[in-house]
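What the sequence shown shows, in the working numbering, is residues 1013 to 1933, in sequence order. Note that CB positions come from ideal geometry on N, CA and C, so glycine has one too. A short write-up of the structure that comes next.
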Amino acid sequence: MAALLRLAVLCVDPDGRISYWNRGAEELFGHRWEHVFGQRASGLLTAARPPAGVAGLPSAAPHQDTLDLLDDLTHSAWAGALAATDRDGTLKDVLWWTYRIAEPGGRSLLALATHAKPLRTGSLRIALGGRLLPYTAEGPQRQDIAVAAVLSPATAPGTGSGPGLGSGPGPGPIRRSGPGPDAAAVTTEATTEATTSAGTPGTPDTPDPTEATGTTSADHGADTGPDAAAAAHLSSVLPGVSPGRLRRIVRQIAALGHPALEIDGGTRLPVVPHEYARIAATAPGTASGTASVRKELPAAPQPAGPTVMGTASPVTDLSSAAALTAVPLPGLTGATRVTGGPGSTGAAGGTEAAPFPAAHAEPGNGRPAGNALDEQLALLRETGAVVGSTLDLHTTARELCSVTVPRFADVASVLVVDQLFAENEPPQDDRPAKAVHVRRVAIAHQGPPGRWEAALPEGELVALPADGVVPRLGDPVLVPVVDPALAEDIAADLGVPSLGPLLPGHSLIVAPLTARGTVLGRVCFLRGPGRRPFDARDAATATEIVGRGAVHVDNARLHRLESRAAATLQRSMMPTRPPRLPGVRIAHHYRPGDRQAQVGGDWFDAIQLPGGRVALIVGDVMGHGLQAAAVMGQFRTAVITMAALDLPPAQLLRHLDNLAHRLGSEHLATCVYAVYDPIARTLTLANAGHIPPVLAGYDGRSELLRIPGGAPIGVGGVPFETVEIPVPDGSWLVLCTDGLVEVRGQGIDAGLAALCANVIEPQQTPEDVCDQILSRVHSEDRRDDVALLVARFEGIPPRDVVRWTLRVDDSEVARARELTRHQLGLWGLDRLADTAELLVSELVTNAIRAASYEVELRVMRVGKLLVEVSDDNHNLPQLQPAEADDVRGRGLALVSHLSRRWGTSRKAVGKVVWFELPLPS
């Protein structure tokens, strides 16, 4: 039993700024989230009178800010009434529960609040098990209900009381402590009924909080008692943070006392937010998830006579080999009847031409034609309504099975040509060279599980021999009753020998999946001996059902091919995996807004620059679909090319803007270009109309980088500015596009505030942060592309980097070799000394010949040995073939053959030539 309240939740960080402000706080106090997030808490809720008789409260002015008073009152936890003024100046009576929460950066103030006036005037609702009941006053005249905010103290495990229990003896009526007509009660029909609906007396019959929040009891450590369960109810309204921090907050609340409501001075109920009740109501296993039962096609009247397993004996013997009959496609008047007997040859004997009765003429069948037609039309209508709800092949096949079982058949199985899963098209006929491989993608049956799944496992690959097979893949088949003597042969012809023991006495229809001239597979239907055998009308119905389903299966196939082509296009234009760069760890994610094309105009990149630096880029081309993706590909290629020139961020964006004008007026995009230096530990950025990045400190708290916004690429005439900021080790940078943070009806500020509210834990990986941001900020109803790049800055230790300046003198080559060998000896890399000394000698020699003023040699140990030689000449050296007797031209050839990787790049002034050597294991 609990009090169901609409809770306002806010959080003030150790610096006194608002770090969380939920929807309930917006409704109660009138301030929007994006307007208060990151602002000073002091002065936000003014004109509050200090509560009388509170010990330890410092002297205050007659009208003091409410949040300042709460900060003074809350040493560890506090509960009580304290008026507050909303945005419009209205003084509201508010009940508060406040807690001091230990954070990595200090102690935050977590405050829960609710409007007291509605609770006192009859709007209080009690959650009793699965029921929601009003708390009303008894007596001829209605009186206000006395409510007070209190903290329910933590209890020892196993005591049977605590915040999850009311103070009364059980779940019966709740009355005032004093007798009389004014006693208040929760009106229930009967105490026994309440006890039944609530389960164990005094225990809330609500879904387990771990189910609603996505956590398990193991996630809460040892906190599995009633206090922890009651505190876990609040997880639906607590700040949207990482799971680890959320568990710590829940544990601290459970230890300090769960929020409770004291009614009329006697009854104390734990507080449960409305959001938790909504989550619990929609959890799996509730009544809303009950399955519907389809109406089965009634069996036709059968002739009187002895029965076997509940079925009437047919007029003619349908269990002979002659009953294996191929059903013609609609519009054909004849078919092939397969006959055979004990002395026949082949799998099912010989064949002879025989007339096949029309679907509407059924001699010997006592079923009224009108009723049967209505039943078939109803089944076809349901097929059209159910099958094809998605473009997923497996879902479509399962829908085709579910619509026919048990209404039309007892068992249904869908097999498709396995080439549907391959890159190439399936064959246009059913005559492959050697064999046809089909895969069972769906099966449904009526009755207990076990035997059918074992005989017809989903996902099984079946090889059907192509030569002399009767029936072939594209042939329809009707077997009214399977003769036990022929069951093994029929199962072998179907490619499933294990089905033989289950077939005797069943009725079988095989209908081909054919669409747009392509044989896609087949569908098999079985009826058990307890039902009317299949007849010609059923075969025609099955052919029509499967024909309609084949169109949807073919649509799924075509969609699969288009999606694969789109995904190939996306992979060719987007990085597939984060690069491994020194001093920084990177994760990224792309989610298209167009589910059909699977591509869009958002992009991201991480590019290694000279000096161990890293360029981080996120951009967004205006528009959606393949056109935006094509423009994006041009911009991304241009950025990669210009990044190799080592241009400053603002200069690079200026060149990109000029390129957009040359490509066309419709080429518009926003972009952020950032360069991280792991040695100097600085971040240099320029922005072209993009949403600002988010920088998180080592303690996990985030802030928007206030950098000049600039204008989008392609507008022209607007300058771009470069900003440099220091970034200590352990900092995080979050770059994203507006598709992640745009909130419908609220603008982009609310999404940015939600992005900053995600606290990053130091032990998290960039991949974990990506997943956390997407799960808490992004919603599936958004139709814009999403590009997200998360970088953790770790820096390069100074002991792993050495740099020397060399004079433009040939004698410096020997000095460079000596310095290199000595440094590698200090690092314990003597095994690399000979190779590194040789390559350094070649590069320094070339640099001294080309330089005008000075040459720089830099050696870094960053998971590999990285050596860079820079000079002030911008002409890049070229790798040239060298003959056996050539004296010059061998330097770069040696570098190319002896190093793992090497390259050249221009700098703002001059160039750099570098190579890598793997560290010895």
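Pair within 7 Å by beta-carbon distance, L1514 and A1554
Translated into positions along the sequence shown, residue 1514 becomes position 502. Translated into positions along the sequence shown, residue 1554 becomes position 542. No, Cβ-Cβ distance for L1514 and A1554 is not below 7 Å.
For V1684: DSSP bridge partner residues:
Locating residue 1684 in the sequence shown gives position 672, where the first residue counts as 1. In the DSSP assignment, the residues bridged to V1684 are V1630, N1699.
Minimum C-alpha distance to T1916 - residue among L1122, L1910, L1904:
The residue you call residue 1916 lines up with position 904 of the sequence shown. Comparing C-alpha distances from T1916 to each of L1122, L1910, L1904 shows the shortest one belongs to L1904.
Unbroken stretches of the beta strand (DSSP E), 3 residues or longer, contained in the region 1700-1780:
Qualifying beta strand (DSSP E) stretches, in chain order: 1706-1708, 1714-1716, 1735-1738, 1744-1748.
Check whether the Cβ atoms of Y1710 and G1751 lie closer than 7 Å to each other.
If you number the sequence shown from 1, residue 1710 lands on position 698. If you number the sequence shown from 1, residue 1751 lands on position 739. Result no, Cβ atoms of Y1710 and G1751 do not sit closer than 7 Å.
Taking the DSSP output, what are the residues bridged to K1104?
As a first step, residue 1104 must be located in the sequence shown, where it is residue number 92. Paired residues: A1096.
Within the chosen definition, does the region 1256-1272 reach the region 1024-1039 through at least 3 CB pairs nearer than 8 Å?
Contact between the region 1256-1272 and the region 1024-1039 is absent, because fewer than three Cβ pairs lie under 8 Å.
Note down, one range per segment and in chain order, each alpha helix (DSSP H) of at least 4 residues found wholly within the region 1560-1587.
Runs of the alpha helix (DSSP H) lying entirely within the region 1560-1587, each at least 4 residues long, are absent.
Residues in the same chain with beta-carbon distance under 8 Å from P1622, minus the five sequence neighbours each way, listed in chain order, please.
Sequence index remark: in the sequence shown, residue 1622 carries index 610 (1-based). Answer for P1622: D1658, E1880, S1882, S1917, K1919, V1924, W1926, listed in chain order.
Measuring alpha carbon to alpha carbon, tell me which residue in A1862, P1116, V1907, A1863 is nearest L1850.
Reading the sequence shown from its first residue, position 838 is the one you call residue 1850. That would be V1907, whose Cα lies nearest to the Cα of L1850.
In three-state terms, what does DSSP make of A1497?
Numbered from its first residue, the sequence shown carries residue 1497 at position 485. Coil, per DSSP.
Near P1026, what residues of its chain come up, given a Cβ to Cβ distance below 7 Å and the 5 sequence neighbours on each side ignored?
Mapped onto the sequence shown, residue 1026 falls at position 14. Same-chain partners within the cutoff: E1115, G1117, G1118, R1119, S1120.
Could you check what DSSP says for G1840 in three-state terms: helix, strand or coil?
Residue numbering aside, residue 1840 sits at position 828 when the sequence shown is read from its first letter. G1840 carries a coil assignment under DSSP once its states are collapsed to helix, strand and coil.
For the region 1690-1709 against the region 1639-1653, are there 3 or more C-beta pairs whose distance is under 8 Å?
When Cβ pairs closer than 8 Å are counted between the two stretches, the region 1690-1709 is seen not to touch the region 1639-1653, the count staying below three.
Limits of the beta strand (DSSP E) - the one that Q1620 falls within:
Sequence index remark: in the sequence shown, residue 1620 carries index 608 (1-based). It spans 1614-1620 - the beta strand (DSSP E) in which Q1620 sits, taken as one unbroken run.
Classify T1086: buried if its beta carbon has 16 or more other beta carbons within 10 angstroms, exposed otherwise.
Looking up residue 1086 in the sequence shown gives position 74. By the neighbour-count criterion, in which 16 or more other beta carbons inside 10 Å mark a residue as buried, T1086 falls on the buried side.
Alpha-carbon to alpha-carbon, V1048 and V1024:
Indexing the sequence shown from 1 puts residue 1024 at position 12. Indexing the sequence shown from 1 puts residue 1048 at position 36. Rounded to whole angstroms, the gap between the alpha carbons of V1024 and V1048 is 11 Å.
Looking at T1102 and D1077, is the spacing between their C-beta atoms short of 7 Å?
Counted from its first residue, the sequence shown places residue 1077 at position 65. Counted from its first residue, the sequence shown places residue 1102 at position 90. A distance of 7 Å or more separates the beta carbons of D1077 and T1102.
In whole angstroms, give me the CA-to-CA distance for L1163 and Q1051.
Within the sequence shown, residue 1163 is the residue found at index 151, counting from 1. Within the sequence shown, residue 1051 is the residue found at index 39, counting from 1. The straight-line gap from Cα to Cα measures roughly 29 Å.
Which of helix, strand or coil DSSP assigns to D1220
For the purposes of this step, residue 1220 is taken as the residue at position 208 of the sequence shown. Confidence in D1220 is poor, its pLDDT being 40 and thus under 50, which makes the residue's placement too unreliable to answer from.
What span of residues does the beta strand (DSSP E) with I1455 cover, start to end?
Locating residue 1455 in the sequence shown gives position 443, counting from the first residue. DSSP places I1455 in the uninterrupted beta strand (DSSP E) bounded by 1447-1457.
Residues near P1738 by beta carbon distance below 7 Å, same chain, minus five either side:
Counting from 1 along the sequence shown, the entry for residue 1738 is found at position 726. Counting only Cβ-Cβ distances below 7 Å, and skipping sequence neighbours, we find R1693, T1694.
May I have a chain-ordered list of the beta strand (DSSP E) segments no shorter than 3 residues that lie completely inside the region 1635-1661?
The qualifying runs do not exist here; there are none.
Here's the rule: buried if 16 or more other CB atoms are within 10 angstroms of the residue's CB, otherwise exposed. What is E1945?
Residue 1945 is absent from the structure shown; the chain starts at 1013 and stops at 1933.
Under 7 Å, do G1533 and V1429 count as touching if we go by C-beta distance?
Working through the sequence shown from its first residue, we reach residue 1533 at position 521. Working through the sequence shown from its first residue, we reach residue 1429 at position 417. Taking a C-beta distance under 7 Å as the contact criterion, G1533 and V1429 qualify as a contact pair.
Best match in D1505, L1844, L1931, A1158 for proximity to K1876 [C-alpha to C-alpha]:
If you number the sequence shown from 1, residue 1876 lands on position 864. Out of D1505, L1844, L1931, A1158, L1931 has the C-alpha closest to the C-alpha of K1876.
Kindly confirm or deny that the region 1581-1597 and the region 1553-1568 touch, where touching means at least three C-beta pairs closer than 8 Å.
Short answer: they don't touch.
Q1388 classed as buried or exposed, judged by whether at least 16 other C-beta atoms fall within 10 angstroms:
To locate residue 1388, count along the sequence shown from 1; it is residue 376. Counting C-beta atoms within 10 angstroms of its own C-beta, Q1388 has 16 or more neighbours from the protein chains shown and is therefore classed as buried.
Within the continuous alpha helix (DSSP H) that includes F1041, where are the two ends?
Mapped onto the sequence shown, residue 1041 falls at position 29. Counting along the chain, the alpha helix (DSSP H) containing F1041 begins and ends at 1035-1041.
Beta strand (DSSP E) runs wholly inside the region 1483-1532, at least 3 long, in chain order:
Whole beta strand (DSSP E) segments, 3+ residues: 1489-1491, 1519-1527.
Proximal residues to A1650 (C-beta, below 7 Å), its chain only, five neighbours per side dropped:
Residue mapping note: residue 1650 aligns to position 638 of the sequence shown, counting from 1. Shown here for A1650: same chain residues with a beta carbon closer than 7 Å to its own, the five before and five after excluded, namely L1668, L1671 in chain order.
Considering only the beta carbon of each residue, do A1523 and P1488 sit closer than 7 Å?
Looking up residue 1523 in the sequence shown gives position 511. Looking up residue 1488 in the sequence shown gives position 476. A contact, by the Cβ cut-off of 7 Å.
Counting along the chain, where does the alpha helix (DSSP H) carrying P1461 start and finish?
Position 449 of the sequence shown, counting from 1, holds the residue named residue 1461. Note, P1461: premise wrong, no alpha helix (DSSP H); not H, not E.
If the criterion is Cβ atoms closer than 7 Å, does the pair H1457 and V1423 meet it?
Within the sequence shown, numbered from 1, the residue matching residue 1457 stands at position 445. Within the sequence shown, numbered from 1, the residue matching residue 1423 stands at position 411. The Cβ-Cβ distance between H1457 and V1423 falls below 7 Å.
If I follow the unbroken beta strand (DSSP E) through P1255, where does it start and stop?
Stepping through the sequence shown from its first residue, residue 1255 is reached at position 243. Not the beta strand (DSSP E): P1255 falls in the alpha helix (DSSP H), residues 1255-1268.
Exposed unless 16 or more other CB atoms sit within 10 angstroms - verdict on I1521:
For the purposes of this step, residue 1521 is taken as the residue at position 509 of the sequence shown. Buried is the call here.
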